[in-house]
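Working notes, beginning with the structure itself.
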Amino acid sequence: MVDDAVMASPAPVAVPMADPEQGIWQRIRMANRNLLSVWRERDYGVRSLRFSLGKQDYVLCNSPDSVRRVFLKEHDNYDRKSPQMRQALAPLLGDGLFVSDGELWQERRQQCAPALHNRLLPSFSEVMTSSAEETAQHWARLPAEQPVDMLKEMAHLTARIIGRSIFGDDTTDAEAEQVVAGFTEYQRHVAQLDLASTLGLPFLELLGNPRRKARTRYSAQQVHEVIDRIIERRAAPSGERRFSLVASFMEQMEGSAAEAAACPFARQAVRNEAIVMFMAGHETTANSLAWSWYLLDHDREAMARLQQELDEVLGGRTPTFDDVDDLPYTRAVFEEAMRLYPPVPLLSRQARAADVVQEREVKPGTIMLALPWLMHRHRKLWDAPDHFRPERFLPGAPRIDKFAYLPFSVGPRVCLGKRFGLYEGILCLATLAQRFTPRVVPGHEVSIECRLTLRPAGGLPMYLEPRNLEPRMNG
Ligand code: HEM
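See below:
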């Protein structure tokens with residue numbers, strides 16, 4: 001049962017809901033604007049849903065059992081992303097891990113995994129906290145009456161973190177900016193890469209537009225150019241350098257940086273994976289952080305509890321990797337924000353061969369969908385599904401089914417940066433919430449934009465209330 005105090009505090013952004021009377025085509029048209037608005041109240045309680053658009057069959061897996069089958073047990077049959085997703089991302093990522101499948105995917109996954117190994121997290125954590133400190137110092141210099149766009153602030157912060165982690169010290173600020181700009185442009189030109197595209201709707205037609213195609217290619221080139229330059233520089237003998245993801249890929253792929261740089265094939269593969277990491281690891285964390293700030297402003301008791309934990313554990317000093325285990329409430333806030341607003345709200349796979357899911361046949365070529373958005377608010381799987389309740393993620397709370405909570409997906413294609421993203425979220429929240437209490441600008445109405453990722457539409461204007469802290473020295 002849900003207690004009254006919790007019921008009094010629903011997550012405030014209204015869930016867009018379709019009218020049960022609307023037909024499938026009407027709802028598809030709405031999906032082009034916002035895919036979340038296509039679901040009816042009853043879809044939040046079903047185990048699965050089947051539909052066809054033209055000749056394409058779809059199965060929505062909306063129960064832990066079916067997610068387990070498609071994403072884990074029968075993974076080999078469902079390891080392919082949807083064709084629309086692959087086509088849209090190929091000019092930028094080439095055959096990178098995110099869009100590859102079969103043997104190539106396995107090989108790339110093995111080559112990339114060591115670069116994000118858990119033993120490297122302490123060193124990445126330093127990049128995370130020093131970057132968050134820079135944001136805190138920037139905020140401290142702003143006039144109190146000047147609101148910031150929290151979504152942009154978090155995007156700058158996570159771009160800085162992932163950029164420094166991928167390229168290490170070899171990157172100049174100008175180069176990092178060129179990557180961010182090229183990447184942003186690319187996303188803009190393939191703007192049709194929204195969730196409706198993943199369903200194979202008018203997207204292919206738009207992708208055929210030659211001007212758009214040329215612009216897309218140009219922005220991909222901008223990104224490729226910088227990364228090739230960094231890779232070549234990396235191969236030249238020079239002084240001591242920090243660890244970076246790029247250096248690690250190069251070693252995995254060819255044994256030595258110089259050999260990798262000399263081989264165009266290996267260099268291209270390294271470049272593709274560097275872009276995958278940037279794309280996969282930048283906006284996801286930024287959006288989750290923005291939603292966390294929003295929810296903390298909505299539930300001020302939760303904000304007070306978070307800040308109490310930070311004051312007790314850190315007492316004003318910058319957090320470190322070792323502090324994360326002592327910050328269970330901070331972690332719970334971030335995890336609950338990803339439940340309510342999963343940064344990747346839709347996962348799609350294509351069946352290679354026939355199968356049976358929930359006692360019904362699946363034909364080869366069927367697109368299998370799992371929507372963290374629906375699963376995370378499933379009426380039969382969660383208590384108070386639309387409410388912000390970090391307590392569900394605290395140690396001692398009832399166990400959460402890993403096939404019902406999917407912010408990082410699940411199975412062999414689970415997010416490779418899962419621990420990186422989680423630590424990044426916790427350490428950035430901890431660093432910044434110690435020093436500031438962000439408040440949504442009064443009167444601003446927050447709504448949801450659902451494209452490839454889920455974010456507050458049009459940004460998130462917030463005032464930054466500084467806290468009065470007597471910082472202790474680090475260490
Ligand atoms: C809160 C942060 C993050 C969230 C919620 C998230 C979520 C996800 C999800 C849902 C997928 C699976 C997509 C699919 O199957 O269609 C994925 C894949 C991936 N993510 Fe993340 N991610 C986050 C951060 C990161 C970071 C920081 C990195 C890298 C440093 C990263 C690297 C990757 C890679 C390489 C893949 C592709 C894995 C594969 O296909 O084998 N992610 N992520």
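Here the working numbering is used: the first residue of the sequence shown is 1, the next is one more, and so on.
No residue lacks a Cβ here, since even glycine has one placed at the ideal position from N, Cα and C.
Specify, as a first and last residue, the run of the beta strand (DSSP E) that residue i falls within.
i: Ile166; result: No beta strand (DSSP E) holds Ile166; the alpha helix (DSSP H) holding it covers 150-167.
i: Ala370; result: 367-370
i: Gln56; result: 56-61
i: Met462; result: 461-466
i: Val362; result: 360-362
i: Arg413; result: Where Arg413 is concerned, there is no enclosing beta strand (DSSP E), given that its DSSP letter is neither H nor E.
Let's see if you can read the secondary structure: which residues bound the alpha helix (DSSP H) around residue i?
i: Glu134; result: 121-141
i: Cys428; result: 418-435
i: Gln111; result: 102-112
i: Val65; result: According to the sequence as given, residue 65 is Asp; it is not Val. Counting along the chain, the alpha helix (DSSP H) containing Asp65 begins and ends at 64-68.
i: Tyr341; result: Element bounds for Tyr341: n/a, residue is neither H nor E.
i: Asp479; result: No information on residue 479 is available, as it lies outside the stretch 1 to 475 that the chain covers here.
i: Leu89; result: 83-93
According to the Cβ coordinates, are residue i and residue j closer than 7 Å?
i: Asp297; j: Arg439; result: yes
i: Tyr423; j: Leu121; result: yes
i: Tyr78; j: Arg349; result: yes
i: Thr158; j: Thr285; result: yes
i: Arg455; j: Asn287; result: yes
i: Met128; j: Ala290; result: no
i: Met521; j: Trp293; result: As displayed, the chain neither begins before 1 nor continues past 475, which places residue 521 out of reach and without an answer.
i: Leu49; j: Leu60; result: yes
i: Gly459; j: Leu116; result: no
i: Glu283; j: Phe249; result: no
i: Asn62; j: Arg47; result: yes
i: Arg467; j: Arg435; result: yes
i: Gly45; j: Lys380; result: yes
i: Arg271; j: Ile227; result: yes
Return yes when the C-beta of residue i is under 6 Å from any heavy atom of ligand 1, and no when it is not.
i: Val313; result: no
i: Leu96; result: Looking at the sequence shown, residue 96 is not Leu but Gly. It does not: the Cβ of Gly96 is nowhere closer than 6 Å to a heavy atom of ligand 1.
i: Arg413; result: yes
i: Pro343; result: yes
i: Met492; result: Because the chain is modelled from 1 through 475, residue 492 falls outside the range shown and cannot be assessed.
i: Pro407; result: yes
i: Thr285; result: yes
i: Gly396; result: no
i: Phe420; result: yes
i: Leu429; result: no
i: Leu416; result: yes
i: Val276; result: yes
i: Ser123; result: no
i: Ala332; result: no
i: Ser288; result: yes
i: Gly163; result: no
i: Ala280; result: yes
Whose CA, out of the options, lies closest to the CA of residue i?
i: Pro64; options: Leu371, Leu416, Ile448; result: Leu371
i: Phe403; options: Ile426, Met375, Ile161; result: Met375
i: Leu89; options: Val179, Leu452, Gly54; result: Leu452
i: Met17; options: Gly458, Thr318, Ile448, Ala457; result: Ile448
i: Ser125; options: Pro342, Ala136, Ile162, Lys152; result: Ile162
i: Thr437; options: Gly458, Ala144, Ser48, Val38; result: Ala144
i: Trp105; options: Pro456, Pro412, Pro442, Leu454; result: Pro412
i: Phe420; options: Ser52, Asn62, Ser48, Asn118; result: Asn118
i: Val441; options: Gln56, Gln146, Gln434; result: Gln146
i: Glu107; options: Gln252, Val344, Tyr294, Ala351; result: Gln252
i: Arg86; options: His75, Ser100, Glu74; result: Ser100
i: Tyr218; options: Val179, Ala457, Gly425, Arg435; result: Val179
i: Ser82; options: Leu340, Pro91, Val362, Ala351; result: Ala351
i: Glu335; options: Phe408, Glu361, Arg360, Arg317; result: Phe408
i: Ala214; options: Arg188, Glu359, Glu232; result: Arg188
Checking contacts by CB at 7 Å: is residue i closer than that to chain B?
i: Arg305; result: In the structure shown, chain B cannot be found, because there is only a single protein chain.
Under 8 Å, with one C-beta from each stretch per pair, do the segment 318-325 and the segment 300-308 reach the 3-pair mark?
They do not touch, by the three-pair rule.
Given 8 Å, three or more beta-carbon pairs between the segment 165-184 and the segment 139-149:
no
So, do the segment 382-401 and the segment 270-277 have three or more beta carbon pairs nearer to each other than 8 Å?
Touching, no, given that fewer than three Cβ pairs across the two stretches are closer than 8 Å.
When the Cβ atoms of the segment 355-363 are set against those of the segment 376-385, are three or more pairs found closer than 8 Å?
No: fewer than three Cβ pairs fall under 8 Å.
When you compare the segment 426-435 with the segment 307-315, are there three or more beta-carbon pairs, one atom per stretch, that lie closer than 8 Å?
yes
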